[in-house]
Every structure is written in structure tokens, then in C-alpha cells.
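Trainee: Below is one structure. I have some questions about it.
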Amino acid sequence: MVGYLKLEILRSLRDPRYLVLALAAPVGFYILFAGLFGNDAGAYGVAAKVDIMVSMGVYGALWAVLQATGPRIAQDRGIGWLRQIRLLPVRPNAILAARLLSGMALAAPAIVLVFITAALTHGVRLEAGQWIALGLLLWIGSVPLAVLGIAIGHALGAESAFGMLYGLSVVLSALGGLWMPISMFPNSLQTVGKLLPSFQAANLGWRVVGGHAPFYSSFLVLIVWLIAFAALALYFTRRAPSSR
Amino acid sequence: MIDEGRMIQSTTGVAPDEDRVNTTEQVAVRLDGLAKSFGSVRAVDDLSLVIRPGETVALLGPNGAGKTTTVSMLLGLLTPDSGTASVLGMAPTAAIQSGRIGAMLQEGNLMPGVRISELLDYVLSLRSSPMTRAELVEMAQLQGMEKRRIDRLSGGQTQRVRFALAIASNPEVLVLDEPTSAMDVEARHDFWASMRKYVSGGRTVLFATHYLEEAEAFASRVVVIASGRIVADGTVAELKRGAGMRTVQFQSREAGARQWQALAGVKTADVYRERVTLKTTDADATVRALAGGDFDWKDLDVRGASLEDVFMELVGNGHARNGGN
Numbered sequence: 138m139v140g141y142l143k144l145e146i147l148r149s150l151r152d153p154r155y156l157v158l159a160l161a162a163p164v165g166f167y168i169l170f171a172g173l174f175g176n177d178a179g180a181y182g183v184a185a186k187v188d189i190m191v192s193m194g195v196y197g198a199l200w201a202v203l204q205a206t207g208p209r210i211a212q213d214r215g216i217g218w219l220r221q222i223r224l225l226p227v228r229p230n231a232i233l234a235a236r237l238l239s240g241m242a243l244a245a246p247a248i249v250l251v252f253i254t255a256a257l258t259h260g261v262r263l264e265a266g267q268w269i270a271l272g273l274l275l276w277i278g279s280v281p282l283a284v285l286g287i288a289i290g291h292a293l294g295a296e297s298a299f300g301m302l303y304g305l306s307v308v309l310s311a312l313g314g315l316w317m318p319i320s321m322f323p324n325s326l327q328t329v330g331k332l333l334p335s336f337q338a339a340n341l342g343w344r345v346v347g348g349h350a351p352f353y354s355s356f357l358v359l360i361v362w363l364i365a366f367a368a369l370a371l372y373f374t375r376r377a378p379s380s381r
Numbered sequence: 002m003i004d005e006g007r008m009i010q011s012t013t014g015v016a017p018d019e020d021r022v023n024t025t026e027q028v029a030v031r032l033d034g035l036a037k038s039f040g041s042v043r044a045v046d047d048l049s050l051v052i053r054p055g056e057t058v059a060l061l062g063p064n065g066a067g068k069t070t071t072v073s074m075l076l077g078l079l080t081p082d083s084g085t086a087s088v089l090g091m092a093p094t095a096a097i098q099s100g101r102i103g104a105m106l107q108e109g110n111l112m113p114g115v116r117i118s119e120l121l122d123y124v125l126s127l128r129s130s131p132m133t134r135a136e137l138v139e140m141a142q143l144q145g146m147e148k149r150r151i152d153r154l155s156g157g158q159t160q161r162v163r164f165a166l167a168i169a170s171n172p173e174v175l176v177l178d179e180p181t182s183a184m185d186v187e188a189r190h191d192f193w194a195s196m197r198k199y200v201s202g203g204r205t206v207l208f209a210t211h212y213l214e215e216a217e218a219f220a221s222r223v224v225v226i227a228s229g230r231i232v233a234d235g236t237v238a239e240l241k242r243g244a245g246m247r248t249v250q251f252q253s254r255e256a257g258a259r260q261w262q263a264l265a266g267v268k269t270a271d272v273y274r275e276r277v278t279l280k281t282t283d284a285d286a287t288v289r290a291l292a293g294g295d296f297d298w299k300d301l302d303v304r305g306a307s308l309e310d311v312f313m314e315l316v317g318n319g320h321a322r323n324g325g326n
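As they're listed, the protein sequences go chains Y and C.
Count along the first sequence starting at 1, add 137, and that's the number in this note's numbering.
Count along the second sequence starting at 1, add 1, and that's the number in this note's numbering.
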């Protein structure tokens, strides 16, 4: 499994889609938005430049985990690589686990890169413990989406999987309050937004940078999504081998 | 003349002396009453086959004969509608997990974005293979290409990497589905050269092909399938003899083919630019009749049937019989 994980990570590091959309884009957006609104008072009790750092960290992690799983798996199914793997002495579950972990592994640099950018360009300072907790929470918060990516990869073809990923990233980030604070939404949209895994992942971070413990409800929402996505993934991975 | 009943076995495929061989240890591959349909098409139809360790078997048949379907069931990629497949006494998927069977498919790309060396290191790590990467690279003739990206290889190069993946776990049984279909003549030649080297250690090989030359040059046993059934099973020599056809050729200035058709034993006669080609079931009688008659002829040549003749005869029959059902 570790061997396959290594291959998947190497593959992403050579993939412009990962480098641009998961690593460069969040950094660029951070510089843009923090430059515009960074010194305003944020919605979570700290300066906006800190809020936005959390938002863009979640955004980068979202791209990293989804693109390392969904379109990647769909592509491998389409070109027949998954069939070839079935002829190697390796368990299909080990491959799935490696895919999930590769998504997670690739999310870490996306998060850290935004942190570094925030610290360097806008002088964002947190306590050491806060940095660590924030990084870990944003990272863990992206697990449900990595599992969703696995379901998408087994349900769709390569091109539609990428389209789906693009659409999802727009919906999850916009409605999840990553582009503007959710408190600026109309009430009904707020209710919807707060149910999204993207909002709750970011909410873990917003609480930490404000000096508070995260809400239990955030974990609860993320766990419910995780279970739902895992059920989807299970359904589609079981269905997929016979369909090809 | 060999006993045709042993060779032309459309349903059992098992030679009589193999009936007693039931211990799994002595059987590399056993297919037992395999059947698979896709919609109304019966791709594989009650196919049984026993391959013993050390045999090199060609699964020969025209496109659509059911070769790939058979191989897919043998590898556990497809579930048979009925019948069973086993490798070294194990279920196909268990055999693959054990690394004792290696396989190479006809189509399907490899993992894009990684280098040959990276992919080979990975597969070598799976079943603590006794082979080093250098040995594997040499065996698959990938020297000097290790740094290349998998997605930037030609069809023939990709096929060599696939071969490397198939042999990385040092398997006792190797299954290849149309291994050379994407290769040019030179690559094909190189491929069989590496294959020869690899199987010289007494390994079992089953390869599907529609190239007669490959079956003839490489297989110790040829299993001919048509319409999902085995229509012949034997060595190339046995198949040729079993077909019972021989070819008599000579030069003649006489026009027409009628007089040749009338000679003893002759089934078909072709005349092309004074070259007469007769297919005969009794070459001796044909030649005697030719010599005894008042014909113009020279440059006599008598040959056994080519594998192609045998193949056309067998596959033609197979189609006719199944078509009639």
C-alpha cells in the first residue's frame, strides 16, 4: 500500500492540475482577497486576513483530495489500468486505501502553503499550538471529501468526473462560506451552507484562530457526511468492476 | 495417421491419459466446462482444458472465437456463467494474490505520470520477488528506458512494460492475451526472444493469438478454438497430420484445372500461371496417378499441410457446425 501511495503522490506532483488548482490557486486567491479585505474585522472575531487563510486552506485541501481521487480513479478505470492492477498480487482494498491516503497526503502541502503565504505576506501570527491544531483540523476536515472523490471516480468517466469536481468545488466553496462569510447570506442559504462539509471543516479552523474550542456540531456534521460518502463509495466501487 | 479422436475434441479437450491426473499439484491450469454468454452471444461454450506444468500452449483462434473471454475467466476478471477455472489448484484470484501466476492483457494502459523504474520498483516490492530491477529490465528489454514516463511510450514499449509487470513476481504460470498485437515485426521478434529466455526454466505458458506463425514457432501444444469451443488440441505436427491434407505442386503448361481435379485423392485444384496446387488426402495415390497419366508436368513438390490449411479447415468446420445449431 505504501508503494502504491508513493506512485500516486509522484503522479500528482507531475500533474499541472494539482500544482495549479490545489497549490497555486489558493495561494493566489489568498493574496488577492487578503490584499483587498485583510485588515477589516473578520466575521469570527479576528482580522479577515486570518479568516481568509482558513478559508483558502480548506479550499486548497478540497481541491487536492478531490482531484487526487475522483478524476484520477475515473481515468484509471477508463484506460484499463484498474484492470491491470487486478492482475497484480495486491488487494483491491489496499489500492483504495492508498488512493485515499494520497488525497490526504496531497492536501497537507496545500494547507501549509496557504499558512506560509499568510504569515509571510500579511504577518499572520498564531501560537505554535494553534498552528498545529489548525493544520490538523483542516486536514482531518477534508477526509469526507476524499471519500466522496472515491465514489465519484467509480461512478463517472474521466471527463465528467473532472466536471463534477469543478462544479462541486464551486458549490462547496461558495455556499460553504469560503469566499464570503456565511453570516452575509440570506437566512435560508445560511441554513444550507452550515450543513455543508466545507463550511464545517472551515468552522473548525475559524474557532481555533479565534481562540475557542471547535463546536461538537461541526464534527457531527462531518461524520454524518463521511458515513454518507462512504456508503456511496462502497456502492459504486462494488458496482464498477462488473461494468468494465 | 494419428487418431483423430484424441485431437479433435470439441467438448472434453482432455486426453484420455489425463483422466487419472486429478491431483492439483500436477495441473497448472484447469478449465472445467466454462461457459460465458454476452446477451444472446455464447462467447465461450462448455470449454474444458487441462494444462500441465511446463507446457507452452497456444490458444489459437480467429477474432471473436472467445480467446479473450476464456483468458479473462482464467484470470478471475470475468465470472463464468457456469463451470470453473483454477490455476495451480487455486481459484484464479487467489493464484494472482499468491504471485504464482502472471498475466499480460491485450489492451489497457498503464499508470500514467510515473516512470518505468518507479512502476517496476513497485511491482517488485509486492511479492518479495527474487528478481532485481536490473534483471527485470533486461528480461523485458527495457534497457535505457527506465527514466521514461509510462504515458510517453510507444505501443511496443508499453507492451514490454506489461510483460515486465507479468513476470515481476517470478510466476510459474504465465498467461498472455494477444501479446504481440500492438507490435511491429521487429518488436514481435524481440518479444518472443525474451519469452523464450523466460520460459526456459520450465514455466507454464498459455498465450492467446491469431498469428499462426507464433503458435507454430513457440507452442509445444496448440489448442484451436472457434465459436467458444475447442475444435482441435495437439502439437503442431499432430494437427497437421490429423488434418490429413497434403499439398502437391508442379509446373504445367496444360490449361484448366479439371484434369487435376479428377486425379486420385485430390480435393481441390488451383492453377495460377502454370503453377498447379493440389490439396490431396492421399498424396501417394495422387502422385502415382500423375506419373501414370499422360500429363505435362515438372518441378514436383509434395508438402504436408501448412498450419494455415489446418486452421482454415478446423475453424471453417467449427463455424459451420455451430451455425447449424
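We treat Cβ as the ideally placed atom computed from N, Cα and C, and that holds for glycine.
From L315 (chain Y) to A338 (chain Y), what does the alpha carbon distance come to, in whole angstroms?
Mentor: 10 Å
Trainee: Rounding to the nearest angstrom, what Cα-Cα distance links L106 (chain C) and L264 (chain C) in this structure?
Mentor: 49 Å
Trainee: Going by beta-carbon coordinates alone, are L79 (chain C) and K37 (chain C) separated by less than 8 Å?
Mentor: yes
Trainee: State buried or exposed for S221 (chain C), treating a residue as buried only when at least 16 other CB atoms are found within 10 Å of its CB.
Mentor: exposed
Trainee: I think Q250 (chain C) touches E275 (chain C), with their Cβ atoms under 8 Å apart; what is that distance to the nearest whole Å?
Mentor: Wrong, their Cβ atoms sit about 11 Å apart, outside the cutoff.
Trainee: Taking a cut of 8 Å between CB atoms, which residues from the segment 212–225 of chain Y lie near chain C?
Mentor: Q212, D213, I216, G217, W218, R220, Q221, R223, L224, L225
Trainee: Below 8 Å on the Cβ atoms is my contact criterion, and I expect A216 (chain C) with V206 (chain C) to pass it. Report the Cβ-Cβ distance as a whole number of Å.
Mentor: Wrong, their Cβ atoms sit about 12 Å apart, outside the cutoff.
Trainee: Out of C:F312, C:A290, C:G294, C:G34, point me to the one whose CA is closest to G84 (chain C)'s CA.
Mentor: Nearest C-alpha to G84 (chain C): C:G34.
Trainee: Distance cutoff 8 Å, beta carbons only. Does G194 (chain Y) sit that close to anything in chain C?
Mentor: No, G194 (chain Y) does not count as interfacial toward chain C.
Trainee: In three-state terms, what does DSSP make of S149 (chain Y)?
Mentor: helix
Trainee: Considering Cα atoms alone, identify which of C:A218, C:R204, C:R101, C:R247 is closest to V227 (chain Y).
Mentor: C:R101
Trainee: Have a look at A370 (chain Y) and A292 (chain Y) and give me their C-alpha separation to the nearest angstrom.
Mentor: Between the C-alpha atoms of A370 (chain Y) and A292 (chain Y) there is a straight-line separation of about 9 Å.
Trainee: If you compare alpha carbons, which of Y:A211, Y:M193, Y:L199 is closest to S297 (chain Y)?
Mentor: Nearest to S297 (chain Y) by alpha-carbon distance, out of Y:A211, Y:M193, Y:L199, is Y:A211.
Trainee: From V288 (chain C) to A44 (chain C), what does the alpha carbon distance come to, in whole angstroms?
Mentor: Here the alpha carbons of A44 (chain C) and V288 (chain C) stand approximately 43 Å from one another.
Trainee: Taking the beta carbon of E179 (chain C) as the centre, do at least 16 other beta carbons fall within 10 Å, making it buried, or is it exposed?
Mentor: buried
Trainee: Nearest to Y372 (chain Y) by alpha carbon, out of Y:G217, Y:L332, Y:M193, Y:I287?
Mentor: Y:I287
Trainee: Using Cβ-Cβ distances below 7 Å, what residues of the segment 133–155 of chain C are close to chain Y?
Mentor: none
Trainee: In chain C, which residues lie with their C-beta within 7 Å of the C-beta of G140 (chain Y)?
Mentor: Y123, S126
Trainee: Are the segment 343–351 of chain Y and the segment 326–335 of chain Y touching, with three or more C-beta to C-beta distances below 8 Å?
Mentor: no
Trainee: How about G245 (chain C) and T282 (chain C): do their beta carbons lie closer than 8 Å?
Mentor: yes
Trainee: Counting contacts by CB-CB distance shorter than 8 Å, is M202 (chain Y) in contact with chain C?
Mentor: At residue 202 (chain Y) the sequence reads Val, which differs from the Met that was named. Judged by the 8 Å Cβ criterion, V202 (chain Y) is not in contact with chain C.
Trainee: In the DSSP assignment, find the unbroken alpha helix (DSSP H) run with A292 (chain C) in it and report its ends.
Mentor: 284–293
Trainee: Closer than 7 Å, Cβ to any Cβ of chain C: which residues of the segment 140–159 of chain Y, in chain order?
Mentor: G140, Y141, L144, L147, R148, R151, D152
Trainee: For V308 (chain Y) and chain C, any beta-carbon pair shorter than 8 Å?
Mentor: Chain C contact via Cβ: absent.
Trainee: So for K148 (chain C), helix, strand or coil by DSSP?
Mentor: If DSSP states are grouped into helix, strand and coil, K148 (chain C) belongs with coil.
Trainee: With three or more beta-carbon pairs closer than 8 Å as the criterion, would you say the segment 215–235 of chain Y touches the segment 184–199 of chain Y?
Mentor: no
Trainee: Would you grab the beta carbon distance between A367 (chain Y) and V284 (chain Y) for me? Rounded to a whole angstrom, and I think it's under 8 Å.
Mentor: A Cβ-Cβ separation of about 5 Å places A367 (chain Y) in contact with V284 (chain Y) under the 8 Å criterion.
Trainee: Helix, strand or coil for V58 (chain C) per DSSP?
Mentor: strand
Trainee: Pick helix, strand or coil for V28 (chain C), following the three-state DSSP scheme.
Mentor: Note: V28 (chain C) maps to coil in three-state DSSP.
Trainee: Where does R254 (chain C) land, buried or exposed, given buried means 16+ other C-beta within 10 angstroms?
Mentor: exposed
Trainee: Out of Y:L263, Y:A365, Y:Q267, Y:I248, which one is the CA nearest neighbour of A162 (chain Y)?
Mentor: Y:I248
Trainee: I need the DSSP call for A245 (chain Y), collapsed to helix, strand or coil.
Mentor: helix
Trainee: Helix, strand or coil for S49 (chain C), going by three-state DSSP, please let me know.
Mentor: strand
Trainee: If you draw a straight line from the alpha carbon of L175 (chain C) to that of L166 (chain C), how long is it in whole angstroms?
Mentor: 11 Å
Trainee: Tell me which residue opens and which closes the beta strand (DSSP E) that D302 (chain C) is part of.
Mentor: 299–305
Trainee: When the Cα atoms are used, what is the spatial distance from I52 (chain C) to P246 (chain Y)?
Mentor: 53 Å
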